[in-house]
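Heads up: the sequence shown is residues 0 to 173, going by numbering that gives the first Met the number 0. Cβ atoms here follow ideal geometry from the backbone N, Cα and C, with glycine treated the same way. Reading through the structure tokens given below for one structure.
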Amino acid sequence: MLFHMREMMSKGLKTTVKEDLDVSELFKGRSDVIQAGPLRVSVVVTGHDGYVTAEGELTADLELACSRCLESTSAHTVIPFYEQFKLGGDDPSEDDESDDGGDDDYVELPGDKLDLKPYLEESLLLFMPFAPLCDKDCKGLCQACGQNLNEHTCSCNNEKIDPRFAALKDLFKD
Ligand SMILES: [Zn+2]
Ligand SMILES: [Zn+2]
């Protein structure tokens, strides 16, 4: 997914990227992501006078662990993608350090090569829910016996913290 900025810009080239990205490596070691991907990319990259835009949509099927009950929950995500790229150092007058997130948001590239892949991966990562839920009303697990409270209620008194959990807490201190 490499593009040459200067060529894209000078010729006003337009390319459609349709590709499946394997993103399983991105989530290695993350217990909240059971399965991810592939990331289906459908993005149009267009060269303009002075900049290159990439615009389109990313879709992915994710299997996440619910942050309350740990049951797997699948999510079909559709992520709108828009990024604007410029060549660095071209126009120092526009080199505004204070990025106030206006309309002229763009990524300044150090060289002629634009590799789209990391930006696509980043937008998936940013899109990932911080605490996924199988249902917004998920009751979670009982803190004492571990019972999935969506399935059954238990007879624990959940007011006090179970000593076994207190001990676990200590284990994770370091
Ligand atoms: Zn849940
Ligand atoms: Zn219980």
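Cβ-based neighbour list, residue i, same chain, cut-off 8 Å, excluding 5 preceding and 5 following
| i | result |
| --- | --- |
| Leu124 | Leu25 |
| Tyr50 | Met8, Gln83, Phe84, Lys85 and Tyr105 |
| Ile78 | Glu56, Leu57, Thr58, Ala59, Ser122, Leu123 and Phe126 |
| Lys116 | Met0 and Leu20 |
Beta bridge counterpart(s) of residue i as assigned by DSSP
| i | result |
| --- | --- |
| Tyr81 | Glu54 |
| Leu86 | Leu108 |
| Gln34 | Glu62 |
| Asn147 | Leu140 |
| Met9 | Going by the sequence as given, residue 9 is Ser instead of Met. BP columns for Ser9 are empty, so no partner. |
| Phe2 | Leu113 |
| Ala74 | Leu61 |
Proximal residues to residue i (C-beta, below 6 Å), its chain only, five neighbours per side dropped
| i | result |
| --- | --- |
| Gly11 | Gly46 |
| Val22 | Ala35, Gly36 and Leu38 |
| Thr52 | Thr45 and Gln83 |
| Asp94 | With a pLDDT of only 49 at Asp94, under 50, the local geometry of the prediction cannot be trusted, and the value read off the model is given with reservation. Here the set comprises nothing. |
| Leu113 | Phe2, Met4 and Phe84 |
| Asp19 | Pro37 and Arg39 |
Check: residue i C-beta below 7 Å from any heavy atom of ligand 2
| i | result |
| --- | --- |
| Cys137 | no |
Nonlocal neighbours in the same chain, by C-beta distance under 7 Å from residue i, ignoring five residues either side
| i | result |
| --- | --- |
| Asp98 | Annotation note: pLDDT 47 at Asp98 (below 50); position unreliable, no value reported. |
| Cys155 | Cys141, Ala143 and Cys144 |
| Lys138 | Leu148 and Asn149 |
Contact test: residue i Cβ vs ligand 1 heavy atom, cutoff 7 Å
| i | result |
| --- | --- |
| Leu132 | yes |
| Glu120 | no |
| Glu150 | no |
| Glu62 | no |
| Glu54 | no |
| Arg67 | yes |
| Glu70 | yes |
Residue i - containing alpha helix (DSSP H), residue span
| i | result |
| --- | --- |
| Glu18 | Segment Lys13 to Leu20 is the beta strand (DSSP E) holding Glu18; no alpha helix (DSSP H) there. |
| Leu123 | Lys116 to Phe126 |
| Glu154 | The amino acid at residue 154 is misidentified as Glu; the sequence shows Ser. Element bounds for Ser154: n/a, residue is neither H nor E. |
| Lys27 | No alpha helix (DSSP H) holds Lys27; DSSP gives it neither H nor E. |
Span of the beta strand (DSSP E), counted from its first residue to its last, around residue i
| i | result |
| --- | --- |
| Arg39 | Leu38 to Gly46 |
Around ligand 2, what residues have a beta-carbon under 6 Å from a heavy atom of it, in chain order? Answer in sequence order: Cys141, Ala143, Cys144, Gln146, Cys153 and Cys155.
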